[in-house]
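Please read the structure below before turning to the comments.
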Amino acid sequence: MLIDLHTHSTCSDGTDTPGELMRAAQRAAVDVIALTDHDTTAGWEEAASAVSATGVALVRGTEISTEAGGVGVHLLSYLHDPADPALTAIFERSRSSRSLRAQHMVERINQDVDLTWADVTDHAEDGATIGRPHIADALVTKGYARDRAAAFATILHPAGPYYVRYWAPPTVEAVAAVRAAGGVPVMAHARASTRGRVVSLDVIRGLAEAGLAGLEIDHPDHDEPSRQILRELASELGIFGTGSSDYHGTGKPNRLAERTSTVEVLQEIERQGRMPFLRP
Ligand code: AMP
Ligand code: ZN
Ligand code: FE
Ligand code: FE
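Sequence positions in the sequence shown follow numbering that gives the first Met the number 0 and run 0 to 279.
Have a look at this one:
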């Protein structure tokens, strides 16, 4: 069984539409996909409608932007109620702050190189959650970067002069909101230090107290020592560990199901979640 619990579509910063993602999963012989676009559930319907044709089972999820002590934390939620008012309000506030932040970054960048907001929106579907990857794509099109990775390493770097932060809820509050919405909260790439600062193990212990269900352990941005630390922490806390690709289509080298989760973990997510896991 190939189970990939973290992927993105054009509803955020991936390059496959939700339907294309499901067909790519079918071609890659993936059995179960979780669609986890940033701060949105907009892709759920289209992905769900591709379950029977592709034979790929679907876990509907979201990767929620949060913040703990000034450190950005990505929280995966699975099987939450997409109509939950509190969670929906968080997603809307994050998405609108992300859009304003991206416009602000473009204004800063435009002082040095020719880049307009329209260049960026050309690379995003209507209603998509806007992120730096869309700015990266515009920089690539204009010839200022070779690919997304190069743009992130230079113009879009958090330590650089163009970086702007955006609003995100405290991680503990997001964990509680996910649980209240019937979702299963799992901390994404907790030790991905190449992206910036990471939270301490004590912060993660506090999140477990607040209801965290699991940790994403096997992720392309984690080296073996990081995975070992997280395995030990998950076992100390009695929470599960997942593996996933964080696939973004052609936006990242990550291949579908290059990291995977076990059937036991999938069953536990299904047991804890409110919304059904969709089987072909
Ligand atoms: P943002 O949330 O707007 O700050 O942008 C972060 C997003 O950019 C995450 O979804 C990452 O997957 C993506 N990202 C981070 N670093 C890179 C990179 N080097 N190449 C491509 N995408 C990246
Ligand atoms: Zn992303
Ligand atoms: Fe992430
Ligand atoms: Fe992600």
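Just so you know, even glycine gets a beta-carbon here, dropped at the ideal spot from N, CA and C.
**Request:** Express the C-alpha separation of residue 253 and residue 245 in angstroms, rounding to a whole number.
**Result:** A straight line joining the alpha-carbon of residue 245 with that of residue 253 spans about 7 Å.
**Prompt:** DSSP state of residue 59, grouped into three classes?
**Reply:** It is a strand residue.
**Prompt:** What's the gap between the Cα of residue 40 and the Cα of residue 59?
**Reply:** Linking residue 40 to residue 59 through their CA atoms gives a straight-line distance of about 8 Å.
**Request:** Enumerate in chain order the residues of its own chain whose CB-to-CB distance from residue 122 is below 6 Å, with the five nearest sequence positions on each side excluded.
**Result:** Cβ neighbours of residue 122 within its own chain (closer than 6 Å, five residues either side excluded): 133, 136 and 137.
**Item:** residue 250 CB to nearest heavy atom of ligand 1 below 7 Å
**Value:** Within the cutoff, so yes.
**Asked** Would the beta-carbon of residue 213 be found less than 7 Å away from any heavy atom of ligand 2?
**Response** If you check the C-beta of residue 213 against ligand 2, you find no heavy atom less than 7 Å away.
**Asked** In chain order, what are the residues with a CB under 7 Å from some non-hydrogen atom of ligand 3?
**Response** This selection yields 62, 73, 187, 188 and 245.
**Message:** Measuring only from the beta carbon, is residue 133 closer than 7 Å to any heavy atom that is part of ligand 4?
**Reply:** Distances taken from the Cβ of residue 133 to the heavy atoms of ligand 4 include none shorter than 7 Å.
**Message:** Below 8 Å on the Cβ atoms is my contact criterion, and I expect residue 86 with residue 180 to pass it. Report the Cβ-Cβ distance as a whole number of Å.
**Reply:** Contact between residue 86 and residue 180 holds: CB atoms are separated by about 4 Å, below the 8 Å threshold.
**Message:** On the CB-based measure, 16 or more other CB atoms within 10 Å of its CB, does residue 144 come out buried or exposed?
**Reply:** For residue 144, the number of other beta carbons within 10 angstroms of its own is at least 16, and it is reported as buried.
**Asked** So does residue 297 have its beta carbon nearer than 7 Å to some heavy atom of ligand 2?
**Response** With the chain represented from 0 up to 279, any question about residue 297 goes unanswered, as that position is not in the structure.
**Prompt:** In terms of residue numbering, what span does the beta strand (DSSP E) encompassing residue 114 cover?
**Reply:** Per DSSP, residue 114 belongs to no beta strand (DSSP E) and is neither H nor E.
**Prompt:** Is residue 37 near ligand 1, in the sense that its beta carbon is under 7 Å from a heavy atom of that ligand?
**Reply:** Within the cutoff, so yes.
**Asked** Cβ of residue 42 within 7 Å of any heavy atom in ligand 2?
**Response** No, since every heavy atom of ligand 2 falls outside the 7 Å radius drawn around the Cβ of residue 42.
**Prompt:** Which residue spans inside the region 25 to 101 form an unbroken alpha helix (DSSP H) run of at least 4?
**Reply:** Residue ranges of uninterrupted alpha helix (DSSP H) with 4 or more members, entirely inside the region 25 to 101 and ordered along the chain, are 43 to 47 and 50 to 53.
**Prompt:** Contact check, residue 255 vs residue 29 under 8 Å by CB: the rounded distance?
**Reply:** Cβ atoms of residue 255 and residue 29 come within 8 Å of each other, at about 6 Å.
**Asked** What residue ranges within the region 185 to 261 form continuous beta strand (DSSP E) runs of no fewer than 3 residues, ordered along the chain?
**Response** The beta strand (DSSP E) runs of length 3 or more contained entirely in the region 185 to 261 are, from start to end of the chain, 213 to 217 and 239 to 242.
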